[in-house]
């Protein structure tokens, strides 16, 4: 095909075996798009193509990704807002006819087995080395191992006692990314024993030496999500396949939770208050979560 369809913040180039998405740079372009730069999406990584009305006189061309085909979307696990979805191309409504033409051209080329998870990642992961600052430490990934260096201003006593951490990819079973735009955002590494069993982990990420905690201005999506995707892709390629996507974490109810340190609870409530004042947590969420934290005393 080789044609280019330009929309707001991105342009799609239609090729014989893939769609090359190039993201624009600018103050209105989401930082995640700027960090990604461009992405090549093979046709077999797309499950479906839709065209729907958008907001304020726009239409949206959406290449629905196939489960397990893209480490970025696996790591995101449905937490990305529509405006940060790299598979959505927003165009002026007057270009709807042209967008429909390209959608019709693309549909016969995408996989006919779109509901079946891919057995390997078909979209390239962000390249290492990668790093970002979390609230309680700095995370670094060199392609072979993940390292955490704790900050004395944010790390819990449990993490200080454990010391700085390094986790070889071969010891991991997956990654759990919770968006920094949600309360208690974090990046947790899911570990496995030599026999492949899941290593039990504390339910609270701030007590887990295999996790870093996000906060206001720490671990932003455009830094922490590509990081999580790169680690997830390395984990999947280094060990036995356990299915696409992020390996499931142990439910909190299956992990014994010790009574919390009052000082730690106070820090968490103070952090919750900061998010509330910034408008990232609603009144109801603030009241509910504060009650949960107080109940842990």
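In my numbering, the protein residues as written are -14 to 282.
Backbone N, C-alpha and C define an ideal beta-carbon position, used for all residues, glycine too.
These numbers come from a predicted model, not from an experiment.
Cα-Cα separation between residue i and residue j, rounded to whole angstroms
i: residue 9; j: residue 56; result: 22 Å
i: residue 2; j: residue 32; result: 14 Å
i: residue 122; j: residue 136; result: 5 Å
i: residue 114; j: residue 128; result: 6 Å
i: residue 192; j: residue 141; result: 7 Å
i: residue 17; j: residue 204; result: 12 Å
i: residue 182; j: residue 65; result: 30 Å
i: residue 19; j: residue 117; result: 16 Å
i: residue 21; j: residue 178; result: 33 Å
i: residue 69; j: residue 15; result: 6 Å
i: residue 239; j: residue 187; result: In this prediction, residue 239 has a pLDDT of 31, which is less than 50 and means its spatial position is unreliable; nothing more can be read from the coordinates.
i: residue 278; j: residue 95; result: 48 Å
i: residue 100; j: residue 261; result: 39 Å
i: residue 97; j: residue 50; result: 13 Å
i: residue 11; j: residue 58; result: 23 Å
i: residue 273; j: residue 189; result: 17 Å
i: residue 79; j: residue 93; result: 24 Å
i: residue 133; j: residue 139; result: 13 Å
i: residue 7; j: residue -5; result: 6 Å
i: residue 62; j: residue -10; result: 28 Å
i: residue 180; j: residue 174; result: 17 Å
i: residue 269; j: residue 34; result: 38 Å
Nearest to residue i (by Cα), restricted to the options the options
i: residue 199; options: -10, 145, 50, 167; result: 167
i: residue 197; options: 125, 21, 40, 250; result: 125
i: residue 283; options: 17, 47, 13, 14; result: Given a span of -14 to 282 for the chain in the structure shown, any question on residue 283 remains unanswerable.
i: residue 28; options: 11, 253, 72; result: 72
i: residue 149; options: 68, 164, 131; result: 131
i: residue 112; options: -5, 23, 93, 12; result: 23
Proximity of residue i and residue j at Cβ, strictly below 9 Å
i: residue 102; j: residue 153; result: no
i: residue 206; j: residue 158; result: no
i: residue 119; j: residue 201; result: no
i: residue 210; j: residue 164; result: yes
Cβ neighbours of residue i in the same chain (closer than 7 Å, five flanking residues each side left out)
i: residue 213; result: 60, 160, 162, 172
i: residue 144; result: 121, 135, 194
i: residue 54; result: 30, 103, 106, 107, 108
i: residue 77; result: 42, 43
i: residue 184; result: 176, 177, 178
i: residue 170; result: 163, 164, 199, 204
i: residue 67; result: 73
Residues near residue i by beta carbon distance below 6 Å, same chain, minus five either side
i: residue 25; result: 3, 5
i: residue 75; result: -8, -7, 39, 43, 45
i: residue 110; result: 56, 214, 215, 218
i: residue 267; result: none
i: residue 106; result: 56, 218
i: residue 13; result: none
i: residue 151; result: 130, 132
i: residue 208; result: 117
Residues bridged to residue i (per DSSP)
i: residue 47; result: 35, 73
i: residue 137; result: Paired residue(s): none; residue 137 is not in a bridge.
i: residue 203; result: 200
i: residue 271; result: Beta-bridge pairing links residue 271 to no other residue.
i: residue 85; result: Answer is none; residue 85 lacks a bridge partner.
i: residue 171; result: 163, 198
i: residue 153; result: 130
Other residues of its chain near residue i: CB distance less than 8 Å, five sequence neighbours each side excluded
i: residue 258; result: 271
i: residue 275; result: 254, 257
i: residue 147; result: 194
i: residue -12; result: -2, -1, 87
i: residue 36; result: 44, 45, 46, 47, 81, 84, 85, 88
i: residue 223; result: 154, 155
Below-9 Å beta-carbon distance, residue i vs any chain B residue
i: residue 137; result: Although the question refers to chain B, the structure presented lacks it and comprises just one protein chain.
Closer than 8 Å: residue i CB and nearest the ligand GTP heavy atom
i: residue 173; result: Summarising the ligand content, the structure contains no ligands, and the ligand GTP is consequently not present.
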